[in-house]
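A quick write-up on the structure given underneath.
Protein chains: 2
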Amino acid sequence: MSTAQETDGDDLPWGEVTPDAARRLLIAAVEAFAERGYHATTTRDIAGRAGMSPAALYIHYKTKEELLHRISTMGHAKALDILETAADGPGDAADRLAAAVRDFVVWHAGHHTTARVVQYELDALGAEHRAEVVLLRRRCDAAVRRILSDGVRAGEFEVPDVSGTTLAVLSLCIDVARWFNVAGRWTPDQVGEMYADLVLRMVGAQGGASEPR
Amino acid sequence: MSTAQETDGDDLPWGEVTPDAARRLLIAAVEAFAERGYHATTTRDIAGRAGMSPAALYIHYKTKEELLHRISTMGHAKALDILETAADGPGDAADRLAAAVRDFVVWHAGHHTTARVVQYELDALGAEHRAEVVLLRRRCDAAVRRILSDGVRAGEFEVPDVSGTTLAVLSLCIDVARWFNVAGRWTPDQVGEMYADLVLRMVGAQGGASEPR
DNA sequence: CCTGCCCCTAAGCGCTTGCTCACCGGCAGG
DNA sequence: CCTGCCGGTGAGCAAGCGCTTAGGGGCAGG
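Chains A and B, in that order, give the protein sequences.
The first sequence begins at 1 in the UniProt record's numbering and counts up by one.
The second sequence begins at 1 in the UniProt record's numbering and counts up by one.
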C-alpha cells in the first residue's frame, strides 16, 4: 500500500545497527558514498560527518570496504524483501507486478541515497563480498521473473521475451535512484504510481484507462 | 601489440582525435574509466594501457579530468545526434520514437564502455565542464519530449505525463550501458528492437502484435 | 656535421590516502 | 581510594596519488 517516504532511517534497518557510534558512522558513510562515490570518499570525510576523529572508524569497522559491504548487504536484503513480498502476495499477476514495481520504486526514490550506493557502487566491493551480493541480486531477478511468467501463463500478459522484459523492468526501477531528487517535482509515491502504470503497459496488461477499445 | 578493442572505435569519433598517441591515450582512458570508474583509475594505469610512460599523458592532456571531459563531450554529442536525427526524421511519431529508442539503445549497447563513462561518471567532472555537459543532456531530453508531445497531439500516444514518461524512456535506455554484456546473450540490435517495442507499449502506441489502426 | 624541434622517459616532488599505535578520560566493581 | 576496561584521540607511517621537470633519441633543414 503506502510506505513512509519522508526521511531515511524510519523503517530502515539502520536502527538495528547496535553501537550508536557505529550507526552514526554507517549513516555518514551512506551519505558520503552516495554524494561522491566510494572511491572519492575518504575515511576522514566519513569520520568527520559522524563527528569523530579519523581513527574512531577503525574501532567499529575493520576497513572502509567493510562499511560498503554492510550497506550493500542490508540494502539488497531490503530490496529483495520488497520484491519477494510482492511476488508472494495476493491478487493476480497484474496486481502483484504493480505492487512490486510501486514498492520497489518508492523505496529507491525515498531512500535514493542508500539506493544509489546499493545499485551503483557494486564494483567497489571486494571479490568475495561482491559474489555474496550478486546472489541476492539474482534472487531479485527471479522474483520479478516469477511474476511475469505467472502472468504469461495465465494469459494476463503478452510478453515475447520474459528474460529481457524482467531485465528491463528491474533496470527501469533501479535507475530511479540515479535521477531522483535532481528534478525534485515528484514524490516517491507519485513516481511509484506512474512507474507501476508504465510497467503494466510494457507487459500488455493495460495499467491506464484503456483496455478493450 | 594490437591494443585495439574491436567492439569499440569503429565508427566512433575517436578516429578524429588528431595525434595518434593522444587517441591511444583517450581509448585507454575510456576502457579504464568504464572498468574501474574515474576515481579508481590512475594516470599511471591509463598511460600503461596506451603503452607509454606516466609522464606522456601530460604532453597531450593538461589533467586527468580533461580526458574525462573530452570523452564525455564527444559521447554526449554522439548521443544527442542520434536522438535529434530520429526526432527530425520522417514518419509519424511512433516511427520516430521507435527509431530514437532503437538507435540510442544500439549505441549504448554497442559502445557500452564509452556509454558507461558518459552516463555514469558525470559527477567526476569539474563544475564548469559538468555545466557544459548538462546543457547537452537537456537537449537530449528535449528531443525525446518533442516526439512524445507530437504523438500525443496527433492522438497516436496515450500518455498521462509527458515529462515523466520522457524521463522514464531515457532512463530505461541509458541504463542499458550499466548491464549490457554482463549477461552477454543479446546483440545490441536485438536489445534495440526489444526496447523500441517496450517503449511503444509504454506510450500506448502498441508496438507488438495487437491494435489495429 | 650541427641546430632546433617534437615526443617521450626517468626520476621525483608535495600531498593525500587507508590504516596503526601509544595513550587517555570516564565509569562500574571492589 | 584503586583497578580494569571500553571507546575515543593525536600523531604519524608507508604507500600511492596527480603532476612536474630535466634531459634524451630521432629526424628534417641547412
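By construction, the Cβ of each residue, glycine as well, lies at the ideal position given by its N, Cα and C atoms.
Look up residue i in the DSSP assignment and say whether it is helix, strand or coil.
i	result
residue 125 (chain B)	coil
residue 137 (chain A)	helix
residue 187 (chain A)	coil
residue 157 (chain B)	coil
residue 95 (chain A)	helix
residue 205 (chain B)	coil
residue 182 (chain A)	coil
residue 103 (chain B)	helix
residue 213 (chain A)	For residue 213 (chain A), the predicted structure reports a pLDDT of 39, less than 50, and the residue's modelled location is therefore unreliable. A value from the coordinates is still provided. It is coil, neither helix nor strand.
residue 88 (chain A)	coil
residue 3 (chain B)	Because residue 3 (chain B) sits at a pLDDT of 36, beneath the cut-off of 50, its placement in the model cannot be relied upon, and the point is left open.
residue 193 (chain A)	helix
residue 147 (chain A)	helix
residue 11 (chain A)	Unreliable positioning characterises residue 11 (chain A) in this predicted model, as indicated by a pLDDT of 48, which lies under 50. The coordinate reading is nonetheless provided below. The answer is coil: DSSP assigns residue 11 (chain A) none of H, G, I, E or B.
Quick check on this structure: which residue in the options has the alpha carbon closest to the alpha carbon of residue i?
i	options	result
residue 83 (chain A)	A:19, A:157 and A:138	A:138
residue 167 (chain B)	A:100, A:186, A:114 and A:37	A:186
residue 172 (chain A)	A:100, A:77 and A:39	A:100
residue 147 (chain B)	B:164, B:93 and B:114	B:93
residue 169 (chain A)	B:121, B:159, B:199 and B:68	B:199
residue 119 (chain B)	A:30, A:178 and A:59	A:178
residue 40 (chain A)	B:121, B:67, B:114 and B:189	B:121
residue 214 (chain B)	B:184, B:43, B:85 and B:71	Residue coverage of chain B in this structure runs from 1 to 213, which leaves residue 214 (chain B) outside it and unanswerable.
residue 132 (chain B)	B:35, B:206 and B:74	B:74
residue 111 (chain B)	B:46, B:71 and B:134	B:71
residue 181 (chain B)	B:116, B:142 and B:124	B:116
residue 81 (chain A)	A:150, A:104, A:95 and A:135	A:104
residue 136 (chain B)	B:150, B:27 and B:76	B:76
residue 176 (chain B)	B:193, B:165 and B:45	B:193
residue 124 (chain A)	B:29, B:37 and B:161	B:37
residue 24 (chain B)	B:52, B:89 and B:86	B:52
residue 78 (chain B)	B:98, B:161, B:145 and B:106	B:106
residue 165 (chain A)	B:64, B:197, B:108 and B:91	B:197
residue 159 (chain B)	A:98, A:201, A:190 and A:28	A:201
residue 239 (chain B)	B:174, B:20 and B:16	Within the shown structure, residues of chain B are numbered from 1 to 213, placing residue 239 (chain B) beyond reach of any answer.
residue 35 (chain A)	A:157, A:113 and A:134	A:113
residue 127 (chain B)	B:54, B:69, B:55 and B:50	B:69
residue 66 (chain A)	A:29, A:189 and A:190	A:29
residue 19 (chain A)	A:96, A:61 and A:54	A:61
residue 183 (chain B)	A:15, A:163 and A:33	A:163
residue 204 (chain A)	A:189, A:50 and A:151	A:151
residue 140 (chain B)	B:130, B:156 and B:85	B:85
residue 156 (chain B)	B:97, B:190 and B:102	B:97
Along the chain, where does the alpha helix (DSSP H) that runs through residue i open and close?
i	result
residue 119 (chain B)	112-120
residue 176 (chain A)	176-179
Output, in sequence order along the chain, the residues in the segment 61-93 of chain B whose CB is closer than 8 Å to any CB in chain A. Of all residues in the segment 61-93 of chain B, none comes within less than 8 Å of chain A when Cβ atoms are compared.
Along the chain, which unbroken stretches of the alpha helix (DSSP H) at least 4 residues long are found entirely within the segment 15-85 of chain B? Listed in chain order, the alpha helix (DSSP H) runs fully inside the segment 15-85 of chain B are 20-36, 43-49 and 57-60, counting runs of at least 4 residues.
Closer than 9 Å between beta carbons: that is the criterion. Which residues of the segment 191-205 of chain B meet it against chain A? Going along the segment 191-205 of chain B in chain order, one finds 191, 194, 195, 197, 198, 199, 201, 202, 203 and 204 with a Cβ nearer than 9 Å to chain A.
Mind listing which residues of the segment 124-136 of chain B have their C-beta closer than 8 Å to chain A's C-betas, in chain order? The residues in question are 124.
Tell me which residues of the segment 90-117 of chain A have at least one Cβ-Cβ distance to chain B shorter than 8 Å, keeping chain order. Per Cβ criterion, the list is empty.
Contacting positions in the segment 37-53 of chain B - beta carbon closer than 7 Å to chain A: If the cut-off is 7 Å between Cβ atoms, the segment 37-53 of chain B has 37, 39 and 40 near chain A.
Interfacial residues, the segment 168-183 of chain A to chain B, with Cβ spacing under 8 Å: Under the 8 Å Cβ criterion, the segment 168-183 of chain A contributes 168, 171, 172, 174, 175, 176, 178, 179 and 183.
Residues from the segment 137-162 of chain A in contact with chain B, defined by Cβ distance under 8 Å: Cβ contacts with chain B: 158, 160 and 161.
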